[in-house]
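Heads up, the sequence shown is in UniProt numbering, so the first residue is 1 and it goes up one at a time. The block underneath contains the structure these notes are about, expressed in structure tokens.
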Amino acid sequence: MAAAAAAAAPASDSLRNSGESEAKSGKTAAAAAAADRKSFDKEQKQKNEAFWRNLLQEIGVQQQQPPPPPKTWKDKLACFGFVCLAALVASEFGYRMYMDYNYGFETIDTSDAQMLKEVMFGGKPWMVLCRWPHKRSKVPDAINRSRIELLKVLRMGRLDCAAALPSGVRFAERFRIPSSSEGFVVANGKAPRLLTAWALQSAEQLLAYVQRHAKLDFRSVDDNGSLGRRCLLPAGSRCLFLLRYKGISTTERNKQIQTLFANIHPAVRKLKFAVLDSHKHQLNLHGAAPLAAAADPSETQIVCFLNTTKREQQEELRRKDDLSKHSFAVSVFEGSFQDTAAVQAFASRCASAAADTEGFVAMQQHPTVRRVQQQQQQQQQQGEDQKQQKKPKKKQKKQKRKRQPKQQQQQQ
Numbered sequence: 001m002a003a004a005a006a007a008a009a010p011a012s013d014s015l016r017n018s019g020e021s022e023a024k025s026g027k028t029a030a031a032a033a034a035a036d037r038k039s040f041d042k043e044q045k046q047k048n049e050a051f052w053r054n055l056l057q058e059i060g061v062q063q064q065q066p067p068p069p070p071k072t073w074k075d076k077l078a079c080f081g082f083v084c085l086a087a088l089v090a091s092e093f094g095y096r097m098y099m100d101y102n103y104g105f106e107t108i109d110t111s112d113a114q115m116l117k118e119v120m121f122g123g124k125p126w127m128v129l130c131r132w133p134h135k136r137s138k139v140p141d142a143i144n145r146s147r148i149e150l151l152k153v154l155r156m157g158r159l160d161c162a163a164a165l166p167s168g169v170r171f172a173e174r175f176r177i178p179s180s181s182e183g184f185v186v187a188n189g190k191a192p193r194l195l196t197a198w199a200l201q202s203a204e205q206l207l208a209y210v211q212r213h214a215k216l217d218f219r220s221v222d223d224n225g226s227l228g229r230r231c232l233l234p235a236g237s238r239c240l241f242l243l244r245y246k247g248i249s250t251t252e253r254n255k256q257i258q259t260l261f262a263n264i265h266p267a268v269r270k271l272k273f274a275v276l277d278s279h280k281h282q283l284n285l286h287g288a289a290p291l292a293a294a295a296d297p298s299e300t301q302i303v304c305f306l307n308t309t310k311r312e313q314q315e316e317l318r319r320k321d322d323l324s325k326h327s328f329a330v331s332v333f334e335g336s337f338q339d340t341a342a343v344q345a346f347a348s349r350c351a352s353a354a355a356d357t358e359g360f361v362a363m364q365q366h367p368t369v370r371r372v373q374q375q376q377q378q379q380q381q382q383g384e385d386q387k388q389q390k391k392p393k394k395k396q397k398k399q400k401r402k403r404q405p406k407q408q409q410q411q412q
């Protein structure tokens, strides 16, 4: 019995497998038949639609669609215009990408304290555009048209002015930036200057606005009060003091002196610059450092002042103009003003100097300014007159030489 059961088991397995294969083949055949039926029905439907369409067109119920009209010169012109417009849009897009890549805005992150400190307090001129959550970010047209010229004067960046600083205070609150502002200009360690509507009207007005706030400020000193306000105060100030014969002209403010001090270390831009007319006034250092009168009255002399008042007293003296309560250190430039490299090195040393820096001497009494006596003014004026008289003599000799041949010709 067991042997018969063992022999019957393989036979039943083979029958089962053959049944499954027949079922699968039947399913595939049914699927193929269904697909053929669908394709046949689709063809029949298309034939019926074509038959009824032709019949309706013959009866006149439905009109036959006319062939498309031939293309005229207007169609060709419209196609050409569309191609030109697409090319113009593509070129504008490519130009903007090129400008953004080569003359674009640097991204400033409020969480990057070092970068933020460099922008707001480093001294270099920056133009920063603000991003606000309630406004669409768009660069004003005046900035787009003058990017190349602006980058010759300053650096440009973008900043989320509504973001919070590492201290938790919002950037706009810390630097008093209103939410209606497009951006601001910051330079020379001073407070930010907002971009006004007047500045954004045209590229020329924007460049004029930027140059006015990015240039160094040379202020004239004529008494002790202006010396304190414009040079020595508040506590911690560093001042580069120029003694120039008859002061400084507008051309020198805008070009010569600007280029001399603006293109060196960024810390130099944070210095205070004061100018004293050595023809009318005299600087008194009270023996702290030798400051003899120059042999040539037109020679420019340079002095660096440091306000070395201690930090404990700075808050107490912040709003007081009494120079006697402050302490100062001084250093005098001993070279020639014509030596540009030496002048720039002295300015860089003045910007980074401390009270114990070599070459700086502590002052027992604050510096003062007094008017030059009339006798000294007359001596200086006589020296200048003698210089001016020497120049015309050379011209007179040349004119005499030119006249002599003419007189000889007339006599002949």
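No residue lacks a Cβ here, since even glycine has one placed at the ideal position from N, Cα and C. Since the structure is predicted, the reported quantities are computational estimates derived from the model, not experimental observations.
With a cut-off of 8 Å on Cβ pairs, the segment 269 to 278 is in contact with the segment 243 to 253, counting three or more such pairs.
As a beta-bridge residue in DSSP terms, V128 pairs with G157, F184. Our two residues, A32 and S39, have alpha carbons roughly 11 Å apart in a direct line.
If you check the CB distance, S146 and L207 come in under 8 Å.
With 16 or more other Cβ atoms inside 10 Å of its own Cβ, F171 counts as buried. Excluding sequence positions up to five before and after T196, its CB lies within less than 8 Å of the CB of Y209, all in the same chain and listed in chain order.
In this structure, the beta-carbon distance from G157 to V119 falls below 8 Å.
Judged by beta-carbon spacing, V372 lies within the 8 Å limit of K280, meaning their Cβ atoms are closer than that value.
Contact annotation: the segment 212 to 229 touches the segment 351 to 369, with at least three C-beta pairs closer than 8 Å. With 16 or more other Cβ atoms inside 10 Å of its own Cβ, Q301 counts as buried. Using a Cβ distance threshold of 8 Å, V330 and F305 count as a contacting pair. Excluding its 5 nearest sequence neighbours in each direction, V332 has C-beta neighbours in its own chain below 6 Å: A289, L291, V303, listed in chain order. Under the three-state reduction of DSSP, D339 is assigned to coil, being neither helix nor strand. A362 sits in a strand when the DSSP states are folded into three classes. The continuous alpha helix (DSSP H) containing Q205 extends over residues 203 to 214.
Apart from sequence neighbours up to five positions away, the residues of its chain that approach L271 with a beta-carbon distance below 6 Å are R238, L240, A351, ordered along the chain.
In this structure, DSSP gives A329 an extended state, which the three-state scheme calls strand.
Put simply, of G189, Q313, T308, R244 the residue whose alpha carbon is nearest the alpha carbon of Q282 is R244. According to the DSSP assignment, K272 belongs to no alpha helix (DSSP H) but to the beta strand (DSSP E) extending over 272 to 277. In the three-state DSSP reduction, A267 falls in the helix class (H, G or I). Residue nearest to A295 within the set S336, F261, V169 is S336 (criterion: CA-CA distance). Listed in chain order, the non-local C-beta contacts of R269 below 6 Å within the same chain comprise G123, N188, local neighbours out to five positions each way being set aside.
Between R370 and N307 a beta carbon distance of about 21 Å is seen, past the 8 Å cut, so the two are scored as non-contacting. The Cβ atoms of V139 and I108 lie no closer than 8 Å to each other.
DSSP places V119 inside the alpha helix (DSSP H), whose first and last residues are 113 to 121. The continuous alpha helix (DSSP H) containing L150 extends over residues 147 to 151. Per DSSP, S298 lies in no alpha helix (DSSP H) segment and is marked neither H nor E.
Excluding residues up to 5 positions away in sequence, nothing lies with its Cβ nearer than 6 Å to the Cβ of I257 in the same chain.
Secondary structure of L56 (DSSP, three-state): helix. In the displayed model, A50 falls within a helix according to three-state DSSP.
Counting only residues of its own chain and dropping the five nearest sequence neighbours on each side, W198 has a CB closer than 7 Å to the CB of Q205. Residue environment for P192: buried (at least 16 other C-beta atoms within 10 angstroms of its C-beta).
No Cβ-Cβ contact shorter than 8 Å links C130 with C84. Secondary structure at V372: coil, using DSSP grouped into helix, strand and coil. When beta bridges are read from the DSSP output, E106 appears opposite G157. About 4 Å separates the CB atoms of A214 and P125; that is less than 8 Å, so the two are in contact.
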